[in-house]
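Chemist:
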Amino acid sequence: MDAHTARRRPGRGVDAYRNTTWVTQIDGVLAEDAAAPVTGGTPTSSSTLPGLVLWMIEQARVSAGSRVLITGAGTGLSTAYVCEIAGEGRTTAIETDPAVTERAREALAEAGYAPTPVTGDGLRGHAGRAPYDVVLAFCSMRHVPYGLLRQVEEGGTLLVTLAGWGGGHGLVLLTADGEGGAAGRFLPGYTSFMMARTHDRPPHGPVELLPGEQRRSRIDPALLDDWNGRYVAQLATPSAERLGAGHEQVLLDVATGSQARTRAAENGDGWTVIQRGPLKLWDAVEDSIALWQAHGSPHLSEFGMTITPHAQRVWLGTPDGPGWALPV
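Residues in the sequence shown are numbered consecutively from 5, following the working numbering.
#1: Expressed to the nearest angstrom, what Euclidean distance is found between the alpha-carbon atoms of F197 and G76?
#2: Using three-state DSSP, classify I98 as helix, strand or coil.
#3: Let me confirm a value: T9 is counted as buried when at least 16 other C-beta atoms fall within 10 Å, else exposed. Which label applies?
#4: Please classify W296: does DSSP put it in a helix, a strand, or coil?
#5: Are at least three pairs of beta-carbons, each pair with one atom in the segment 241 to 255 and one in the segment 293 to 305, less than 8 angstroms apart?
#6: Residues in its own chain within less than 6 angstroms of V332 by CB, not counting five upstream and five downstream?
#7: Between the segment 269 to 284 and the segment 123 to 142, do three or more beta carbon pairs fall short of 8 angstroms?
#8: State the beta-bridge partners of V136 as determined by DSSP.
#9: Hey, how far is the Cα of C87 from the Cα of D287?
#10: Alpha carbon to alpha carbon, what distance is there between E306 and G321?
#11: Just to confirm, is the Cβ distance from L228 to R219 under 9 angstroms?
#12: Alpha carbons only, please: which of M199, L81 and L177 is nearest the one belonging to Y117?
#13: Is the CB-CB distance between A134 and L162 below 9 angstroms?
#14: Within the chosen definition, does the segment 231 to 248 reach the segment 155 to 170 through at least 3 CB pairs nearer than 8 angstroms?
#15: Using DSSP with H/G/I as helix, E/B as strand and the rest coil, what is W59?
#16: Taking the alpha helix (DSSP H) that W169 belongs to, which residues open and close that run?
#17: Just to confirm before moving on: does the CB-CB distance between A84 and V72 stay below 9 angstroms?
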């Protein structure tokens, strides 16, 4: 909730103090600009639940005097918290949507804060105020952009949500090495954010599921409904979009047009997978899930990430353990 909404909806200012997430924009239309109540559509901006924001600020080790870059500033609530802790003169907030940026700037000014608001692609950072001690990303990304990483001071931290088109999310805390690399581990919990617009999947029309090679699946497709299983499957198929649920999963590879879909076996014994295209998507998912299960099916907090100037890798257990390359 911000000053605009509070004025338009008297008596609702108390909502800002509830520990919940508020969707504030649907398909690029801000809530206060909607001509009528909105049903359906895709959320494109929100105000994250305050408890999560404060926990992330704590995990990223923001302190008095920290130089902080916030990507995905949204309503400005997270920016206000950082201003209070680090100082408004040390806080830069970047948001891709000019209308959202302006609304956040006005709300922050009414609250008595004057950070540096910037309209632009948060994944590019803001070099004009670099270097930063902390980067806090309130949007998801498929990998950590090197241009953003290079704006972080040696020993500085990045707290980002790594996601993909398969619906998996993992929050990872990284420490920059000052040489174009970083390393760290995934954090406990179940955190997700909207995908950064420049990392979202390309739009497409109706999907036609085509015939293909059919066989018995080696895993229960419903494992992809599990928070951790879904992320592990996504690591194995980084350019695939996931549709469906339960025993009826659908994977569509954006790059090659390859398909995989599953269903319960006609005889009721197990599951069937049908694959088509140059990539055997379900084969990759099965291998990845089997590896994860062989290590006890751990939570993502048992995973970590290493970034070098030329590659980004998510690993299980230790940096030299089994791993997956991220698309860069």
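Quick reminder that beta carbons are idealized off the backbone N, C-alpha and C, glycines included.
Modeler: Straight from the coordinates:
#1: 10 angstroms
#2: strand
#3: Low per-residue confidence applies at T9: pLDDT is 44, beneath 50, and the placement is therefore not dependable enough to give any value.
#4: Looking at W296 - three-state DSSP - the assignment turns out to be helix.
#5: no
#6: Listed in chain order, the non-local C-beta contacts of V332 below 6 angstroms within the same chain comprise H147 and Q316, local neighbours out to five positions each way being set aside.
#7: no
#8: It is worth fixing the name first, because residue 136 is Tyr in this sequence and not Val. The partner list for Y136 (beta bridge, DSSP) reads V156.
#9: 48 angstroms
#10: 6 angstroms
#11: no
#12: Comparing alpha-carbon positions, the option among M199, L81 and L177 lying closest to Y117 turns out to be L81.
#13: no
#14: yes
#15: The answer is helix: DSSP assigns W59 an H, G or I state.
#16: Run containing W169: none; DSSP gives neither H nor E here.
#17: no
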